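Participant:
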Amino acid sequence: MIVWMNSWNYGGSIPTSPWRSADTFPRQFSLRTVNGKTQLVQQSVGELKVLRGTETDVPATTVTNTTTPLGVHGSTLELKADLTPGTADRFGLDVRTGAGQRTRIGYDTTTGEVYLDRTASGATDFDPTFSSTEHAPLALGGKPLRLHVLVDASSVEVYAENARGEQVVLTDQILPDPSSTGVDLFADNGTAKLSSLKAWRLASIWK
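Just so we're aligned, residue 2 is where the sequence shown starts under the numbering used here, counting upward by one.
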């Protein structure tokens with residue numbers, strides 16, 4: 002399935018040319034049994050692997066009340082990360098960082114939610130509803146958060162799972178500066194650990 006990635010609130014105001022809309026990466030849906038209950042889950046199609054460049058493996062890293070660059074760069078990326086909560090109120094990854102910009106993929110331990118924050122992602126002032134943060138509940142119970150992230154030139158797609166296999170998916174359009182290509186690890190008001198991160202730059206799908 003390919004999903005239209007826009008909103009009627011601001012679709013006619015997006016400051017891009019010649020296009021003003023976008024679609025997600027292709028996804029496939031399946032059913033998974035979690036704690037005796039059936040859950041609909043999503044994942045990117047396996048064919049996207051042919052777009053991967055050289056794999057980058059980031060060593061385990063712990064952060065405390067700070068943001069740390071991870072040495073990964075790209076405007077189009079695939080990331081697979083395991084993050085272990087510590088004492089931090091919020092922790093996660095920032096993508097498309099640079100020039101004061103970032104799109105934040107985080108977990109809030111005080112609310113038990115995964116969130117996708119594009120308020121500082123780049124151009125946001127063309128419509129008051131674009132500068133937003135999306136939330137979805139996902140209980141961790143102190144166990145790791147597994148993230149599968151697809152970063153495109155103007156979008157971020159997040160597949161988040163807990164240790165039980167429960168899943169939430171968040172997607173946003175973003176409009177960063179082309180030079181904003183970094184990936185950072187962050188923790189607010191405490192500690193968190195990046196247990197593993199694999200990263201690939203993605204080639205263009207256009208032939």
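Backbone N, C-alpha and C define an ideal beta-carbon position, used for all residues, glycine too. Remember, predicted model here, so these are calculated numbers, not experimental data.
Going by DSSP in three states, LEU52 sits in which element: helix, strand or coil?
Facilitator: One-based indexing of the sequence shown puts residue 52 at position 51. Correct three-state label for LEU52: helix.
Participant: Grab the span of the beta strand (DSSP E) containing VAL46 for me, first residue to last.
Facilitator: Residue numbering aside, residue 46 sits at position 45 when the sequence shown is read from its first letter. Element bounds for VAL46: n/a, residue is neither H nor E.
Participant: So, ALA140 versus GLY166, is the Cβ gap smaller than 7 Å?
Facilitator: Taking the first residue of the sequence shown as 1, we reach residue 140 at position 139. Taking the first residue of the sequence shown as 1, we reach residue 166 at position 165. Their beta carbons are not under 7 Å apart, which means ALA140 does not touch GLY166 by this criterion.
Participant: Give the list of continuous alpha helix (DSSP H) stretches no shorter than 4 residues that lie fully inside the segment 147 to 195.
Facilitator: none
Participant: Do you know how far the Cα of VAL4 is from the Cα of SER76?
Facilitator: Here residue 76 corresponds to residue number 75 of the sequence shown, with the count starting at 1. Here residue 4 corresponds to residue number 3 of the sequence shown, with the count starting at 1. Taking the straight line joining both Cα atoms gives about 21 Å.
Participant: Shortest alpha-carbon distance to GLY99 belongs to which of ILE106, THR182 and GLY107?
Facilitator: If you number the sequence shown from 1, residue 99 lands on position 98. With distances taken between Cα atoms, GLY99 lies closest to THR182.
Participant: Buried or exposed, going by whether 16 or more other CB atoms sit within 10 Å of the CB of GLU162?
Facilitator: The sequence position of residue 162 within the sequence shown is 161, counting from 1. So GLU162 ends up on the buried side.
Participant: I need the straight-line Cα distance from LEU151 to ARG97, nearest angstrom please.
Facilitator: Here the question's residue 151 lines up with position 150 in the sequence shown. Here the question's residue 97 lines up with position 96 in the sequence shown. Between LEU151 and ARG97, the C-alpha separation is close to 11 Å.
Participant: Determine the burial state of GLY93: buried for a count of at least 16 other Cβ atoms within 10 Å of its Cβ, exposed for fewer.
Facilitator: To locate residue 93, count along the sequence shown from 1; it is residue 92. Buried is the call here.
Participant: In terms of residues, what are the limits of the beta strand (DSSP E) holding LEU84?
Facilitator: Numbered from its first residue, the sequence shown carries residue 84 at position 83. Start and end: 78 to 86.
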